[in-house]
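Here's the structure we're looking at; comments come further down.
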């Protein structure tokens with residue numbers, strides 16, 4: 001009962017709050033081209049941020065007021081430098097910390113002189129030094145929130161099992177079928193009855209983690225965690241490590257000796273000059289496809305949704321407004337589906353790769369499934 | 001591609017790895033293992049219960065079949081007993097009839113034999129008495145007849161006469 005309500009609430013929030021937040025933020029700053037402004041807003045939204053912005057308003061002088069809270073900045077620059085991002089005043093001021101000067105430029109921290117001069121190279125990229133940035137950014141905060149939410153949700157589900165004689169109650173009734181689906185139709189189907197148990201915690205965690213973050217991305221909080229290349233890379237790297245560290249002898253044999261004993265060695269050498277590098281490349285391509293797929297899908301979804309909402313402010317008419325409202329509503333619904341679908345695909349493909357890695361005998365039948373899923 | 005590389009934030013990557021691994025470990029310990037175990041246990045329980053129900057059903061069927069069999073046997077036994085009893089009754093009646101007849105015959109025979117022997121004894125007795133009486137009568141007659149001489153002589157003559165005739 002709680003989930004539909006939650007969903008409705010989120011949708012309503014996306015449509016109402018999201019739009020109003022947008023409206024107030026992009027409330028005409030005279031002289032500035034609307035399209036560029038929307039484009040910049042979308043680009044800004046897609047990037048990670050050192051502030052947790054809830055919304056911004058523009059006063060009559062064209063000055064933008066941000067409502068939100070600053071997050072801690074952690075830099076590694078000849079020792080750990082920790083300070084609040086409030087020091088940057090939304091990129092307007094140079095922060096001076098322990099004698100070092102830092103400036104926020106396009107959401108990235110550069111080391112500058114006291115005036116905050118940014119020098120550019122020939123490609124118009126800032127040439128200043130970028131200290132290693134371990135800041136607790138908006139995305140990190142959302143990860144923490146999602147992590148805590150998952151932890152609370154599923155440990156309370158686990159406890160309710162202990163209390164209620166293994167019968168789920170409340171929201172567990174919604175989540176249990178999903179857990180069972182992941183077990184039966186993703187893990188067991190791809191990895192096999194014998195070995196699926198080792199991978200279950202990872203598959204469940206990654207599924208709910210991606211799904212929840214995708215769903216948070218649809219809220220007016222304006223987070224785009226799973227549409228961040230660093231995040232998807234990290235997830236793909238974990239998949240890659242698990243795949244190759246749990247790989248069986250057969251898995252490695254399949255890579256370095258794909259034809260097996262079916263051919264004499266002198267025949268294989270010529271083929272293997274081409275085949276083995278391809279197989280090795282495949283090791284990396286698989287997780288790379290994972291990270292690009294998730295990143296591209298989520299980013300595209302955000303761009304489309306925000307562009308459609310942005311259209312309202314470009315059209316500014318009785319026809320264009322409701323039209324783009326209807327379109328963005330439809331896309332929002334689709335995005336709810338995409339949020340689930342991308343989490344499912346990521347989990348499914350990870351399970352498929354684990355299945356290849358843990359397979360013990362015949363490896364050939366898995367390829368069809370892979371090809372089938374590859375176009376997703 | 002250049003934009004992607006430019007957007008890549010090592011800090012975020014670092015936090016994602018750390019947080020995800022931490023989340024994975026915590027969830028594994030506090031959520032996934034208990035949940036999966038509970039679900040597995042429940043599924044095992046359901047499977048066991050179903051098997052037990054199936055067994056119970058089978059047993060029930062067996063019991064029903066057994067009791068039916070017993071009932072049939074009992075009925076058959078009763079039939080057999082009744083039949084036997086009837087036979088015994090008939091046999092007993094027949095036997096007692098025969099016995100009675102035999103006894104009766106025997107008694108009749110005995111009675112006849114007794115009657116015969118009594119009759120014989122009576123006849124013998126009568127014979128004796130007749131003999132005695134005849135002797136007495138003869139004695140008396142002879143005494144009478146031989147009371148005078150004439151008569152004695154005549155008798156002798158008669159007798160002699162008989163002998164001569166012989």
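Residue numbers (our numbering), protein chains in the order written: chain A, 1 to 376; chain B, 1 to 166. Using N, Cα and C, we set each Cβ at its ideal position, and we do this for glycine too.
Roughly how many angstroms lie between the CA atoms of residue i and residue j, to the nearest whole one?
i: residue 363 of chain A; j: residue 33 of chain B; result: Note on residue 363 of chain A: pLDDT 47, under 50, position unreliable in the model; the coordinate value appears next. Near 29 angstroms, if we compare the C-alpha coordinates of residue 33 of chain B and residue 363 of chain A.
i: residue 255 of chain A; j: residue 329 of chain A; result: 47 angstroms
i: residue 101 of chain B; j: residue 61 of chain B; result: 59 angstroms
i: residue 101 of chain A; j: residue 131 of chain A; result: 11 angstroms
i: residue 304 of chain A; j: residue 334 of chain A; result: 11 angstroms
i: residue 151 of chain A; j: residue 359 of chain A; result: 31 angstroms
i: residue 20 of chain B; j: residue 86 of chain A; result: 27 angstroms
i: residue 127 of chain B; j: residue 91 of chain B; result: 52 angstroms
i: residue 65 of chain B; j: residue 77 of chain B; result: 18 angstroms
i: residue 109 of chain B; j: residue 120 of chain B; result: 16 angstroms
i: residue 36 of chain B; j: residue 327 of chain A; result: 41 angstroms
i: residue 185 of chain A; j: residue 200 of chain A; result: 12 angstroms
i: residue 209 of chain A; j: residue 45 of chain B; result: 31 angstroms
i: residue 317 of chain A; j: residue 325 of chain A; result: 12 angstroms
i: residue 218 of chain A; j: residue 144 of chain A; result: 17 angstroms
i: residue 34 of chain A; j: residue 57 of chain A; result: 16 angstroms
i: residue 275 of chain A; j: residue 121 of chain A; result: 42 angstroms
i: residue 14 of chain B; j: residue 24 of chain B; result: 15 angstroms
i: residue 44 of chain A; j: residue 320 of chain A; result: 25 angstroms
i: residue 129 of chain A; j: residue 92 of chain A; result: 19 angstroms
i: residue 148 of chain B; j: residue 157 of chain B; result: 15 angstroms
i: residue 90 of chain A; j: residue 107 of chain A; result: 9 angstroms
i: residue 7 of chain B; j: residue 77 of chain A; result: 20 angstroms
i: residue 122 of chain B; j: residue 143 of chain B; result: 30 angstroms
Can you give me the Cβ contacts of residue i inside the same chain, cut-off strictly under 7 angstroms, excluding the 5 residues immediately before and after it?
i: residue 52 of chain A; result: 68, 69, 71, 138 and 141
i: residue 331 of chain A; result: 304, 305 and 308
i: residue 149 of chain A; result: 212
So, with DSSP's three-state summary, where would you put residue i?
i: residue 69 of chain A; result: strand
i: residue 84 of chain A; result: strand
i: residue 108 of chain B; result: helix
i: residue 314 of chain A; result: helix
i: residue 112 of chain A; result: strand
i: residue 214 of chain A; result: helix
i: residue 52 of chain A; result: strand
i: residue 29 of chain A; result: Confidence at residue 29 of chain A is low in this model, with a pLDDT of 44, below 50, so the placement of that residue should be treated as unreliable; the coordinate-derived value is given next. Three-state result, residue 29 of chain A: coil.
i: residue 146 of chain B; result: coil
i: residue 57 of chain A; result: strand
i: residue 177 of chain A; result: helix
i: residue 128 of chain B; result: helix
i: residue 137 of chain A; result: coil
What does residue i pair with, by DSSP beta-bridge criteria?
i: residue 95 of chain A; result: A:102
i: residue 76 of chain A; result: A:80 and A:132
i: residue 168 of chain A; result: Bridge partners of residue 168 of chain A: none, in fact.
i: residue 120 of chain A; result: A:126
Kindly list the residues whose CB is nearer than 8 angstroms to the CB of residue i, restricted to its own chain and excluding five residues on each side of it in sequence; keep chain order.
i: residue 340 of chain A; result: 211 and 214
Quick one: what's got a C-beta closer than 6 angstroms to residue i's C-beta in the same chain, skipping five residues either side?
i: residue 286 of chain A; result: 353
i: residue 155 of chain B; result: none
i: residue 382 of chain A; result: Outside the displayed range of chain A (1 to 376) lies residue 382 of chain A, so it cannot be described from this structure.
i: residue 190 of chain A; result: 351, 352 and 355
i: residue 136 of chain A; result: 71 and 72
i: residue 2 of chain B; result: none
i: residue 298 of chain A; result: 226 and 227
Unbroken stretches of the alpha helix (DSSP H), 4 residues or longer, contained in the region 7-82 of chain B: Counting only runs of 4 or more, we get 10-27.
Selection of the region 16-42 of chain B by Cβ proximity to chain E, strictly under 8 angstroms: Included in the structure are the protein chains A and B, with no chain E among them.
Length-filtered (4 minimum) alpha helix (DSSP H) runs lying within the region 261-331 of chain A: Inside the region 261-331 of chain A, DSSP marks whole alpha helix (DSSP H) runs of 4 or more residues at positions 265-315, from first to last along the chain.
Every unbroken alpha helix (DSSP H) within the region 181-259 of chain A, with a cutoff of 4 residues, ordered by chain: Within the region 181-259 of chain A, the alpha helix (DSSP H) runs of at least 4 residues that lie entirely inside it are, in chain order, 196-217, 229-245 and 249-256.
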